[in-house]
Amino acid sequence: MAADEAVPKPARPKKEQQPLIIPKNATDEQRLKLERLMRNPDKPAAIPERQKEWTPRTAPEFVRDVMGSSAGAGSGEFHVYRHLRRREYQRQEFMDTITDKQKLDDDFQKKLLDNKLLQEEKTAKRRLKRCFFFFFSACTTINKIFNRCNKRFASIQLNLSHHHLLLLI
Numbered sequence: 001m002a003a004d005e006a007v008p009k010p011a012r013p014k015k016e017q018q019p020l021i022i023p024k025n026a027t028d029e030q031r032l033k034l035e036r037l038m039r040n041p042d043k044p045a046a047i048p049e050r051q052k053e054w055t056p057r058t059a060p061e062f063v064r065d066v067m068g069s070s071a072g073a074g075s076g077e078f079h080v081y082r083h084l085r086r087r088e089y090q091r092q093e094f095m096d097t098i099t100d101k102q103k104l105d106d107d108f109q110k111k112l113l114d115n116k117l118l119q120e121e122k123t124a125k126r127r128l129k130r131c132f133f134f135f136f137s138a139c140t141t142i143n144k145i146f147n148r149c150n151k152r153f154a155s156i157q158l159n160l161s162h163h164h165l166l167l168l169i
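So that you can map any letter, position 135 of the sequence shown is 135 in the UniProt record's numbering, and since no number is skipped, the others follow by simple counting.
Take a look at the structure:
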């Protein structure tokens with residue numbers, strides 16, 4: 001009875017099949033990714049985490065079986081030695097590259113500081129020139145005014161002495 005009266009579920013609407021688009025270059029690939037992201041702008045975009053920098057395995061603190069590359073050690077021991085030696089070389093090379101990077105970074109920071117100090121020195125020198133020029137132009141202006149006043153004063157003295165009057169100011 002229950003099976004006869006069961007109501008069939010409505011069929012799910014099928015998704016429209018998107019045509020397969022093969023990107024021809026990097027621009028097309030980027031455009032397709034952006035279009036896919038913009039279809040649903042409310043959905044947050046997945047931003048991948050930055051991958052950690054590769055670091056070699058740390059060297060063991062205590063090596064139980066020290067081995068050499070001698071031929072009499074056994075058939076498999078040479079390969080173990082070879083892998084240990086390769087790892088040690090990788091570790092040393094990694095430490096050298098880290099040291100080189102730090103040295104380059106330090107040199108770069110020093111160069112930035114030197115450039116900054118040089119620019120500050122030039123700016124101070126130019127500022128001093130501007131102040132001196134302003135002061136010099138102000139002094140020149142005052143000097144011109146003073147000279148004009150002296151000429152006028154001299155002409156007043158001449159005019160007054162011409163009239164036999166002596167006026168001292």
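C-beta atoms are modelled at their ideal positions from N, C-alpha and C, and glycine is treated no differently.
DSSP places Asn25 in the coil class of the three-state scheme, outside both helix and strand. Asp65 has its alpha-carbon roughly 12 Å from the corresponding atom of Leu84. If you draw a straight line from the Cα of Trp54 to the Cα of Leu112, it comes to about 29 Å. Per the Cβ contact rule, the region 83-103 is not in contact with the region 124-135 (fewer than 3 Cβ pairs under 8 Å). When only Cα atoms are considered, Phe132 and Asn115 end up about 25 Å apart.
Cβ-Cβ distances below 6 Å link Pro41 to nothing in the same chain once the five nearest sequence neighbours on each side are left out. Residue Arg39 holds the alpha-carbon nearest to the alpha-carbon of Gln18 among Glu61, Arg39 and Asn25. For Pro56, the CB contacts under 8 Å within the same chain, skipping 5 residues up- and downstream, are Arg87, Gln90, Arg91 and Phe94 in chain order.
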